Amino acid sequence: MNDSNTPIIIGCDHAAYPLKEKVKDYLIGKGIDVEDVGTNSEKSVDYPDFGKKVASMVSNGNFKRGILICGTGIGMSMVANKFSHVRAALCTEPFSAEMSRRHNDSNILVMGGRMTGETLALEIVRVWLETPFDGGRHQARLKKFDTIDS
Ligand code: RB5
Numbered sequence: 060m061n062d063s064n065t066p067i068i069i070g071c072d073h074a075a076y077p078l079k080e081k082v083k084d085y086l087i088g089k090g091i092d093v094e095d096v097g098t099n100s101e102k103s104v105d106y107p108d109f110g111k112k113v114a115s116m117v118s119n120g121n122f123k124r125g126i127l128i129c130g131t132g133i134g135m136s137m138v139a140n141k142f143s144h145v146r147a148a149l150c151t152e153p154f155s156a157e158m159s160r161r162h163n164d165s166n167i168l169v170m171g172g173r174m175t176g177e178t179l180a181l182e183i184v185r186v187w188l189e190t191p192f193d194g195g196r197h198q199a200r201l202k203k204f205d206t207i208d209s
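Under my numbering, the first residue of the sequence shown is numbered 60, with each subsequent residue one higher.
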């Protein structure tokens, strides 16, 4: 299904605040509703607090898609993927973003504000938004996530 215009919940830590603002402006410019949970400055904060705000809202179905950005993207990925029904993909280039949608039906895009420049990040976001899930055998594989007991 192509849900490229679905509302997006977005969050970041201090290390990614400038990039989060650019991504938010880009989404708004495309006519997409954006829920920004912060942070809203470069004052030091703890990324798990903001990862939790976004991932919990995707996990409970209040938002179909979210975007998280920290310095490397690693910490936000770790936090987000602790939530059931969240499939967070850390992407540093557009091909990963495309495949995370086609094969993994990723519902949270994660990027690193200290890793990825604005132009590349916005292209990653564009591809991630516009690429539908392939379904089929990939849907069957995702169903197996529910049987994994941690
Ligand atoms: C903050 O300094 C940094 O640790 C954080 O943004 C992120 O990169 C963690 O994974």
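Note that CB positions come from ideal geometry on N, CA and C, so glycine has one too. All values derive from a computational prediction rather than experimental measurement.
For His162 against Asp205, the beta-carbon gap comes to about 17 Å, at or over 8 Å, which does not count as contact.
Pairwise C-beta distances place the segment 92-106 out of contact with the segment 152-170, as fewer than three of them are shorter than 8 Å. In this structure, DSSP gives Glu157 a helical state, which the three-state scheme calls helix. Looking at Val82, Phe154 and Gly172, the one whose alpha-carbon comes closest to that of Gly125 is Val82. When C-beta atoms of the segment 127-135 are compared with those of the segment 162-179, three or more pairs fall below 8 Å, so the two segments count as touching. Assigned with DSSP and collapsed to three states, Glu94 falls in strand. Per DSSP, Ile207 lies in no alpha helix (DSSP H) segment and is marked neither H nor E.
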